Amino acid sequence: MAGRTYDLGMLVNNSWSQHANSAGQVYYVDIATRQSQLNIPAGWEDAPTDIWNIDNSVTWPQWYLNSLALLTILSDFCRRRNQRTGRAVLLDPNPPPPRNYLEVTNVATHLRLVERVPDSPEALYRRPMMGILRFLFPDSQGFDVLQEEVVPIDGKPDFVIFKISCRPGGSTYAYEFCIVESKRMGKPWGSTEDQCREYCTNHADPNYAAYAIVHIGLEIRFYKYSGG
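With the first letter of the sequence shown counted as 1, position 171 gets the number 856 in our numbering; the numbers rise by one all the way through.
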């Protein structure tokens, strides 16, 4: 393996050493034969039940990017070592599920941007909102979050959350469960709420409750439509 290398320690039983090259590839060296390979040695493969502990004894600077924000995110996941085999990885192969949307990496990344630049355009505010909505309304619970076409026409919501339901007999259908308006900081609440109310009046299915979410800047409000 040519170029600079980084020592990542020994696998359990000390028969293999682990290294990373300047391109970020991890490879293994057989201590007895000095032969190297990219594949995980037989018997040291990962298992679904393995525990991965944070290991700050190794650093892989060749994988760090010139972005302090991204580096901060990666630092929460870097340098994991398999407790059973001793194998080191950059990311946790079995990360715990996020407890709230702030622990979702893409949401946290996009939120940091608009927090640093509150005057960001609405397109940048919609980025974290998409991730937040997908966290709050997962498809595993029968929801479908869609971003509507962005057109310069008032009255059309930025996102629609559909609920997938099943008719007697087994066929499925979708209805609008919630609409979402996403605005940049400084936009008025009153006219945005009126916009949601008008849309629900014209489109809400009378057989189901309808909801609306409005976020302006970093503030968010929830509403239930009650027939006008």
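Just so it is clear, CB atoms sit at the ideal spot from N, CA and C, and this is done for glycine as well.
As the structure is a computational prediction, the values presented were derived from the model and not from experiment.
query: Quick check on DSSP: helix, strand or coil for residue 825?; result: helix
query: DSSP three-state label for residue 819, please.; result: helix
query: Mind checking which residues open and close the alpha helix (DSSP H) that includes residue 878?; result: 874-888
query: Checking the sheet assignment: what are the DSSP bridge partners for residue 868?; result: 901
query: To the nearest whole angstrom, what separates the beta carbons of residue 867 and residue 807, a pair I think is in contact under 8 Å?; result: 6 Å
query: Going by Cα to Cα distance, which pick from 741, 828, 870, 723 is closest to residue 844?; result: 828
query: Starting from residue 791, trace the alpha helix (DSSP H) in both directions and tell me its first and last residue.; result: 790-801
query: Assign residue 739 to one of two classes, buried (16 or more other C-beta atoms within 10 Å of its C-beta) or exposed (fewer than that).; result: exposed
query: Do residue 699 and residue 716 have their C-beta atoms closer together than 8 Å?; result: yes
query: Residue range of the beta strand (DSSP E) that residue 845 falls in?; result: 844-851
query: Check each candidate in 865, 723, 855, 712 and name the one with the smallest Cα separation from residue 821.; result: 865
query: Leaving out five residues on either side along the sequence, give the residues of the same chain with a beta carbon under 7 Å from the beta carbon of residue 872.; result: 901
query: Is there a Cβ of chain B sitting closer than 8 Å to that of residue 696, yes or no?; result: Although the question refers to chain B, the structure presented lacks it and comprises just one protein chain.
query: Give me the Cα-Cα distance between residue 857 and residue 689, rounded to the nearest whole angstrom.; result: 57 Å
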